[in-house]
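What follows is a single structure, written as structure tokens, with notes after it.
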Amino acid sequence: MALPAAARSSWSWFWQRRDRVFAWSVPILFFVVGLFVYGHDLGSPEIKVFDEVHYLKASRAFSNGTLMNPDWGEPRPHNFEHPPLGKFWIALSIHFLGDEPSSWRLPAVIYGALGLAGMAVLGRRLFDSHWAGLFAPLLLLLDPMWFVHSRLALLEVYVSAPMIWAFAFALGEWRWDRWAAAVAAGIGLAGKFSAVFLLPALFILVFWRLVRHTSMMRAFAGGVLFAFGVPGLVYFVSHGPFLWEWAWQEGPLWALQHWAWLFKESLVWGAGGPQEHPEVTAPLYWIPMVRPTWYYVFWGDGKGLEQMVGLIYAIGNPVVWWGGLAFAFVVLTGPFLRTLTGLARADAVAGEGEEVVARFRADDRARWGSMGVAMLIFVFGYAPNFLLDRTTFLYYFMLATPYLALMAGGGLAMLMGRARKVEPVVDVEERPVIVGHPLYTTEGPVEEGLLFSAGTPADLEREEPGWAETAAEAEAWDVPPMAGPVQEAPAGRPAEYAPPGEPPWMLTLFWRSAWPERIGVILFLAAAFGLFWYWRPLFTGDLYVREVVEEAWHLVPWLERLLGPP
Numbered sequence: 015m016a017l018p019a020a021a022r023s024s025w026s027w028f029w030q031r032r033d034r035v036f037a038w039s040v041p042i043l044f045f046v047v048g049l050f051v052y053g054h055d056l057g058s059p060e061i062k063v064f065d066e067v068h069y070l071k072a073s074r075a076f077s078n079g080t081l082m083n084p085d086w087g088e089p090r091p092h093n094f095e096h097p098p099l100g101k102f103w104i105a106l107s108i109h110f111l112g113d114e115p116s117s118w119r120l121p122a123v124i125y126g127a128l129g130l131a132g133m134a135v136l137g138r139r140l141f142d143s144h145w146a147g148l149f150a151p152l153l154l155l156l157d158p159m160w161f162v163h164s165r166l167a168l169l170e171v172y173v174s175a176p177m178i179w180a181f182a183f184a185l186g187e188w189r190w191d192r193w194a195a196a197v198a199a200g201i202g203l204a205g206k207f208s209a210v211f212l213l214p215a216l217f218i219l220v221f222w223r224l225v226r227h228t229s230m231m232r233a234f235a236g237g238v239l240f241a242f243g244v245p246g247l248v249y250f251v252s253h254g255p256f257l258w259e260w261a262w263q264e265g266p267l268w269a270l271q272h273w274a275w276l277f278k279e280s281l282v283w284g285a286g287g288p289q290e291h292p293e294v295t296a297p298l299y300w301i302p303m304v305r306p307t308w309y310y311v312f313w314g315d316g317k318g319l320e321q322m323v324g325l326i327y328a329i330g331n332p333v334v335w336w337g338g339l340a341f342a343f344v345v346l347t348g349p350f351l352r353t354l355t356g357l358a359r360a361d362a363v364a365g366e367g368e369e370v371v372a373r374f375r376a377d378d379r380a381r382w383g384s385m386g387v388a389m390l391i392f393v394f395g396y397a398p399n400f401l402l403d404r405t406t407f408l409y410y411f412m413l414a415t416p417y418l419a420l421m422a423g424g425g426l427a428m429l430m431g432r433a434r435k436v437e438p439v440v441d442v443e444e445r446p447v448i449v450g451h452p453l454y455t456t457e458g459p460v461e462e463g464l465l466f467s468a469g470t471p472a473d474l475e476r477e478e479p480g481w482a483e484t485a486a487e488a489e490a491w492d493v494p495p496m497a498g499p500v501q502e503a504p505a506g507r508p509a510e511y512a513p514p515g516e517p518p519w520m521l522t523l524f525w526r527s528a529w530p531e532r533i534g535v536i537l538f539l540a541a542a543f544g545l546f547w548y549w550r551p552l553f554t555g556d557l558y559v560r561e562v563v564e565e566a567w568h569l570v571p572w573l574e575r576l577l578g579p580p
């Protein structure tokens, strides 16, 4: 029986816009899931955990209208060592919802869920793949480090989540995306000063986007403005309540001078020398997860809970962390290894043809560029910690861990999209069909990186449009028409080789993908979820029987025994 006209019209509207619908429905879905997962039983534990002691003291004072700490001889804010924005959010929650553990931690839940949504946008835009936009936030959701900090009144998530959005906006096609990226970076900087590590990576991305459309000097100036100028201004504005009080008491000039002095004092504190601490860990040992930080420990108190244990342990998911690095290594070294071993030339001699080899090389550049950007952000978030002459802990790695999930999600997306990358879809003598414009090349548009474009020039106001498929579209978009007829799918090849203008829906592509890729993706995700579930007694803070905790714990110490003390 035929569908009613209204139903057919609605389905047609959805099908024509399925890429755009999927592009925004996935971030919204992960935001809702994050609110549910991180907000569940938020009031447990009912005591202050780890550095919540310091941040809650400041937030309670802000909530009561006491901006300055009377313990200092000169007017300094409470917990002046860190920027105030995260503590302002905690104070706002306490003011309206009461001084309860769930109120302290609610802003962190919102930030953590927003970080998942931002990772969905970043993965889709960077790898030009809806699969990456699905896998990257899913793996971040399965990372205990992100889970722990999204449920506690600590400051790490207040810097990490906005920086994810900053990079997601920086890869956007709209002109206002750069302003949004700069504001997001400023919000991260106002959450914790460690965001400054990632600002050079943001500068590189903004500069690379601008230099394709303008002169190098203008692109450099734009990069400085959006990566340093605007974020610095947002950081300065976040101190507005203090500046207002100082200006009211001592005058505007004194307020600015005092803010500059306080800024210097916070930098001096941040660069303080090493101190003795039982859980100190050098940055070299963060990736193998040697000596993670204990946030909370509960042992049976003799009230019927003698055999119960509750722990919050800042640890990562080895499948996500090490898997992301493994994917990055394979993708970034693959083209060079293939060139050195002569495999590309061997493929051509075997009868595949020079054009197929050229297509392989183009695909290598696409994959290399996307994964290279993810690795670039990770390195800037991680490497500066080696230069710090101060006590460091594994949870400092929180700034860089989302990009391990990004690399792992991008690698899984490459597995899912691998089958479509073998044959060209047009005559090799002509220009290929273009439906996307990735970040990684200045040689003109190329076919989308992995699965299919997140949008065509009809969907987005691109700064540099792609190639149209028809003369009418070329005239409407003012871009060159597609050259050359579309080839039929090669004999024996699956239907994924349809022209990019008519991409297969991602669910059908999953079932049409080759079994090895499909099984590999399923096993990787199952391993990540299995380890997350197996280790949950170590980081959720819930009470478990001691034997269950010991069973989960026995996988952790072997790393320290193997590598030695940090």
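According to my numbering, the sequence shown is numbered sequentially starting from 15. Every residue, glycine too, gets a C-beta built ideally from N, C-alpha and C.
Span of the alpha helix (DSSP H) around residue i
i: Tyr172; result: 170 to 184
i: Trp193; result: 190 to 205
i: Ser73; result: 66 to 77
i: Trp145; result: 144 to 155
i: Ala134; result: 115 to 141
i: Ala215; result: 213 to 225
i: Val210; result: Segment: none, Val210 is in no alpha helix (DSSP H) and carries neither H nor E.
i: His163; result: 158 to 163
i: Glu552; result: The residue you asked about is not Glu; residue 552 is Leu in the sequence shown. Taken as a continuous stretch (DSSP letters only), the alpha helix (DSSP H) holding Leu552 covers 550 to 553.
i: Leu257; result: 254 to 264
Opening and closing residue of the beta strand (DSSP E) in which residue i lies
i: Ile326; result: 322 to 328
i: Val311; result: 307 to 313
Three-state secondary structure (DSSP) of residue i
i: Leu56; result: coil
i: Val562; result: helix
i: Pro297; result: helix
i: Pro245; result: helix
i: Pro97; result: coil
i: Leu166; result: coil
i: Met231; result: helix
i: Pro302; result: coil
i: Pro89; result: coil
i: Leu557; result: strand
Rounded straight-line distance, which links the Cα of residue j to that of residue i
i: Phe94; j: Ser280; result: 7 Å
i: Ala175; j: Gly254; result: 22 Å
i: Leu106; j: Trp118; result: 9 Å
i: Pro245; j: Asn399; result: 21 Å
i: Arg192; j: Ala131; result: 18 Å
i: Leu111; j: Pro121; result: 11 Å
i: Gly338; j: Gly383; result: 16 Å
i: Leu70; j: Gly186; result: 37 Å
i: Leu153; j: Ile326; result: 20 Å
i: Val40; j: Glu259; result: 43 Å
i: Ala422; j: Gly79; result: 45 Å
i: Leu81; j: Pro91; result: 6 Å
i: Tyr309; j: Gly534; result: 35 Å
i: Leu257; j: Phe240; result: 24 Å
i: His96; j: Gly348; result: 42 Å
i: Gly243; j: Tyr548; result: 45 Å
i: Glu475; j: Trp190; result: Note on Glu475: pLDDT 36, under 50, position unreliable in the model; the coordinate value appears next. Each residue's Cα considered, the two are about 11 Å apart.
i: Val47; j: Val123; result: 11 Å
i: Leu418; j: Val393; result: 10 Å
i: Arg445; j: His227; result: In this prediction, Arg445 scores a pLDDT of 39, lower than 50, which makes its location untrustworthy; no coordinate-derived value is stated.
i: Ile61; j: Pro306; result: 21 Å
Chain D contact for residue i (CB, 8 Å cutoff)
i: Phe217; result: The structure shown contains no chain D, having only a single protein chain.
Beta-carbon separation (whole angstroms), residue i vs residue j, contact threshold 8 Å
i: Gly324; j: Asp556; result: 6 Å
i: Gly202; j: Ala194; result: Rounded, the Cβ-Cβ distance is 13 Å, inconsistent with contact.
i: Ala427; j: Trp179; result: Contact flag wrong, Cβ pair sits at about 20 Å.
i: Ala127; j: Gly147; result: Contact flag wrong, Cβ pair sits at about 16 Å.
i: Leu155; j: Ala388; result: Not confirmed; about 18 Å, so no contact.
i: Ala566; j: Pro551; result: 5 Å
i: Met385; j: Glu531; result: Rounded, the Cβ-Cβ distance is 17 Å, inconsistent with contact.
i: Val67; j: Leu166; result: Wrong, their Cβ atoms sit about 12 Å apart, outside the cutoff.
i: His163; j: Val171; result: 5 Å
i: Ala204; j: Ser252; result: 4 Å
i: Phe543; j: Pro158; result: Not a contact, Cβ separation roughly 12 Å.
Residue i beta carbon near the ligand HEM (any heavy atom closer than 7 Å)
i: Arg165; result: As for the ligand HEM, it is missing from this structure, which has no ligand bound.
Counting beta carbon pairs with one atom in the region 214 to 222 and one in the region 231 to 245, are three or more of them shorter than 8 Å? Inter-segment contact for the region 231 to 245 and the region 214 to 222 is present: three or more beta-carbon pairs are separated by less than 8 Å.
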